[in-house]
Amino acid sequence: MSDNSESPDQKTQQMDKWKCGHCGEDIETIKGRRPTICENPICGKKGNFVPLTGPYRFFKIGRFGVTFIPGRLGEDIKKEFRFATMKDNEEVYVYLGGVYQKGGEVLIKKEARERLTDELARESYINETVAHVKETTYVDRKEFDNPYNLIAVKNGLLDVLTGELQPHTPETLVIAKLPVHYDKGADCPKIRKFLSEIHNAEDIRTVQEMVGYCLLRRYPFAVAFMLSW
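Okay, here's the thing in structure tokens:
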């Protein structure tokens, strides 16, 4: 039995699952609402219900009320998304599409509100959740430069030194992605023809290396390039 009587269309509504702490009976309530009495006729006791799904998982339920636990909600969101918070300015990045993108804080707020539902969502709860995620995902900005030889493309992480293509992974902190698919066997006859028209054969390799050097995320050598023809 829940704190609201069952309506005819209750089966079409989203439901939360609970377990009676006395007899172990599984109980369902309309999303965002708490049961008051165990539906098991042998038990029929009040209180001591454990939330299995729904927003009350993020609260400590006591005899005299409920207390929001931001860490529970924050960790639940982190199970679905990967975040990185810059130590220098607390800007939150979220891993989407193979790279870390801005807008992490907005996403956390959206996910927190959806998980809490309109009945339980409060600005203070949402802000506390954001703070928890930030405090548990800090990284130094310089970590986004390592390894400097990996760049993100549509179909993976390309090592520009070896030509090896690796799968995307949140373990590699990258914030930019080239909007191209890497094809190791692809040729570029028009570019080769153009280079052969403006450079000597012995200089073409150097020009290609110059362009490749510009793809590095960090420049280990202090060099400048000057082209003339």
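Numbering-wise (the numbering used here), the sequence shown opens with residue 125 and increments by one.
All C-beta atoms, glycine included, are put in the ideal place defined by N, C-alpha and C.
Remember, predicted model here, so these are calculated numbers, not experimental data.
Three or more beta-carbon pairs separated by less than 8 Å are not found between the stretch 230-238 and the stretch 261-270, which leaves the two stretches without contact. Of the other Cβ atoms in all chains shown, 16 or more fall within 10 Å of the Cβ of Ile201; this residue is therefore buried. Inclusion of Thr293 and Leu281 in the CB contact set at 9 Å is warranted, their separation being smaller than that value.
Judged by DSSP secondary structure, Met350 falls outside any alpha helix (DSSP H); it is assigned neither H nor E. When DSSP reads this structure, Val257 sits in no beta bridge, so it has no partner. Taking every protein chain shown into account, the CB of Asp140 has 16 or more other CB atoms within 10 angstroms, so this residue is buried. Under the criterion of beta carbons closer than 8 Å, Val223 and Lys301 qualify as touching, at roughly 5 Å.
Taking the C-beta atoms as reference points, Phe182 is found nearer than 9 Å to Leu197.
In the structure shown, the three-state DSSP call for Tyr180 is helix. When C-alpha distances from Cys147 are compared across Tyr343, Ile166, Tyr306, the shortest belongs to Ile166. For a cut-off of 8 Å, the C-beta gap from Lys169 to Thr160 is around 10 Å, too long to register as a contact.
When the beta-carbon positions are compared, Gly186 and Phe207 stay at least 9 Å from each other. Fully enclosed beta strand (DSSP E) runs of no fewer than 3 residues occupy 183-186, 189-192, 207-210 of the stretch 182-211, in order along the chain. In the DSSP assignment, Val331 falls within the alpha helix (DSSP H) that extends over 325-337. In the same chain as Lys308, and ignoring 5 residues on each side of it, the C-beta atoms closer than 8 Å to its own belong to Gly287, Leu289, in chain order.
Around the beta carbon of His305, a 10 Å sphere encloses fewer than 16 other beta carbons of the protein chains shown; the residue is thus reported as exposed. Listed in chain order, the alpha helix (DSSP H) runs fully inside the stretch 227-297 are 228-244, 247-259, counting runs of at least 4 residues.
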